[in-house]
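First the structure, in the form of structure tokens, and then the observations on it.
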Amino acid sequence: RKMAYNEITGAFRDDEIKTKVIKGLRPSLSGHPLDDVIQKCWFQSPINRPSAQEVYSSLHSLSLSLSPSLPSSHLPHFLAVCMYVYVNEKKKSLSFNIVHYC
49 RKMAYNEITG AFRDDEIKTK VIKGLRPSLS GHPLDDVIQK CWFQSPINRP
99 SAQEVYSSLH SLSLSLSPSL PSSHLPHFLA VCMYVYVNEK KKSLSFNIVH
149 YC
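According to the numbering used here, the sequence shown holds residues 49 to 150 in order.
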């Protein structure tokens with residue numbers, strides 16, 4: 049897999065990415081369990097984006113489906129690890145299942 053906006057290189061890369069995002073362009077997603085939450089957060093209009101509580105609830109539900117025996121006190125750490133794995137997965141363009149890491 050390729051990294052998001054990998055076709056943009058050079059000194060103006062950040063500005064070009066900002067311009068694409070402002071225009072509503074988003075990188076394709078890979079069928080990862082976090083994709084649904086990410087797509088909702090990417091809505092162009094802030095009114096259509098989920099609240100922090102809605103994101104938390106979605107991630108909590110996802111964590112329960114991925115690891116049903118997880119004590120709720122470990123949820124923040126679990127979500128942090130899952131996001132870390134997801135971001136690094138995108139950076140390294142590796143293919144692996146998040147369930148094995150969380």
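Cβ atoms here follow ideal geometry from the backbone N, Cα and C, with glycine treated the same way.
- Per DSSP, ILE86 is one residue of the alpha helix (DSSP H) stretching across 83-89.
- Under the three-state reduction of DSSP output, HIS80 falls in the coil class, being neither helix nor strand.
- A distance below 9 Å separates the beta carbons of CYS89 and VAL103.
- LEU112 sits away from PRO81, with the two beta carbons spaced by 9 Å or more.
- In this structure, DSSP gives PRO75 a state outside helix and strand, which the three-state scheme calls coil.
- Here the alpha carbons of ILE95 and LEU127 stand approximately 25 Å from one another.
- Contact between LEU77 and GLN87 holds, with the beta-carbon distance rounding to 7 Å and staying under 8 Å.
- Excluding five sequence positions before and after ARG97, the CB atoms of its chain that fall closer than 7 Å to its own CB belong to LYS88, CYS89, PHE91, given in chain order.
- CA-to-CA, the gap between LYS71 and SER99 works out to about 22 Å.
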